[in-house]
Amino acid sequence: MQEERDYSSHALFRGIILLGFFLLLFRLLVSGDITYYIAPKMIPFSYFALVILLVLGLMQLWRSGSKNLEELYCNCGFSHTQTGTPLQTFFIYTLFVLPVLTGLWFPMTVLDSSIVAKRGVIYGTGLNTTLPAVRNDETDTSYDLPGTDPDIVEESIDGTKIVEDMNYENDEYPTRMESLRDELLENDKIIVSEARYLDITDNIYAYLDWFLGKEIEIVGFVYKQPDLEEDQFVVARFGITCCVADASVFGILSTSGEMFEVEEDEWVRATGYLSKITLEDWDYPYLQITDIEKVEEPENPYIN
């Protein structure tokens, strides 16, 4: 009888914990805060998990109050009696209860520059995630703003070869990159939209010389790398493929020319003309900002 009561209590605890996860996930979905944790493409799977958590939680509560031993035990031939000391049992259940309590009680926060400092920034295609110390005398501004002639650039750089040298497995990728490059070059102003953030920034990096002098508008938060000059910072965005655990930081090195004062982690809409900076044999896009506007944090701060 004692064993039956013990098992009923454990079934009750497990049911409460499962329903706690159900409530947490329900709250995240209803409020839209789920996008702080997972990519939008993963949200449909959350609805499936929501139903499963509800069903399993109710089943455990129903079993805990049953007087029928056959409903308490699965008759699989193995004993499911809880083993270990009460302290061990308390510790195990606490591991499951704490995530529910912290998720329900504490406010949601967006990844910020403190995470960037640990993970680093991916510039362009991600071929180099370490930015050496920046010196203003290495910036290439030897072209006429606001535009440049693609035909002249083509003589000095073979855009197709750049993409091919990256050894992408997908044969369609170079063609798609060239198509996007041509589309962007036709525009007087390149607006880096959220929907194509990675595609556009990758394209700018891969065909950097083609875009020198182009006007660019980009939205992101300010990250001030420790070894940057006072008027230099990175306009960055977090990108997630599945969830925040795999979050990476994508950005473009910028300079405000001491015309605009911005604080770290502020969200801004920066507009300027693209140049490049060469550091340790790597060419980086370098945005010379002509106008910057502080904006509210986007509804979905992450890109994917």
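With my numbering as the guide, the letters of the sequence shown map in order to residues 1 to 304.
Ideal placement from N, C-alpha and C gives every residue a C-beta, glycine not left out.
In this structure, G257 and R237 do not form a Cβ contact; the two beta carbons are roughly 23 Å apart against a cut-off of 8 Å. Under the DSSP assignment, K294 falls in the beta strand (DSSP E) whose first and last residues are W282 to K294. Residue range S113 to R119 is occupied by the alpha helix (DSSP H) that includes K118, with no beta strand (DSSP E) assigned at that position. From the listed residues G32, M42, G15 and F21, the smallest Cα separation to S64 is found for G15. Contact annotation: V100 and L24 have beta-carbon atoms nearer than 8 Å. If you draw a straight line from the Cα of L180 to the Cα of D231, it comes to about 31 Å. Within its own chain, the residues whose Cβ lies closer than 7 Å to the Cβ of L208, once the five positions on either side in sequence are excluded, are K276, D283 and P285, listed in chain order. Taking C-alpha positions only, E183 is separated from P174 by approximately 14 Å. If you look at L95, you'll find it in the alpha helix (DSSP H) that goes P86 to W105. In the three-state reduction of the DSSP assignment, R269 falls in the strand class. Annotation for A236: no alpha helix (DSSP H) segment contains it, though the beta strand (DSSP E) segment containing it runs Q232 to G239. Runs of the alpha helix (DSSP H) spanning 4 or more residues and lying entirely within the segment 173–227 occur at 197–206, in chain order. For S64, the enclosing alpha helix (DSSP H) has its first and last residue at I43 to S64. For F260, there is no enclosing beta strand (DSSP E), since its DSSP letter is neither H nor E. G251 is not a Cβ neighbour of L198, given a cutoff of 8 Å. The C-beta separation of W210 from L228 comes to about 26 Å, leaving the pair out of contact by the 8 Å criterion. When secondary structure is reduced to three states using DSSP, G20 falls in the helix class. DSSP, read as helix, strand or coil, puts Y36 in helix.
A distance below 8 Å between beta-carbons, with the five flanking residues on each side excluded, links Y37 to the following residues of its chain, in chain order: L28, C243 and V244. Looking only at V234, F260 and R269, the smallest Cα-Cα distance to V249 is reached by V234. Here D246 has I240 as same chain residues with Cβ atoms under 7 Å from its own Cβ, once five neighbours each way along the sequence are excluded.
Residue pairing of T278 in beta bridges, as defined by DSSP: D283. Here DSSP, grouped into helix, strand and coil, assigns V110 to coil. Cα atoms of T89 and I34: separation of roughly 31 Å, rounded to the nearest angstrom.
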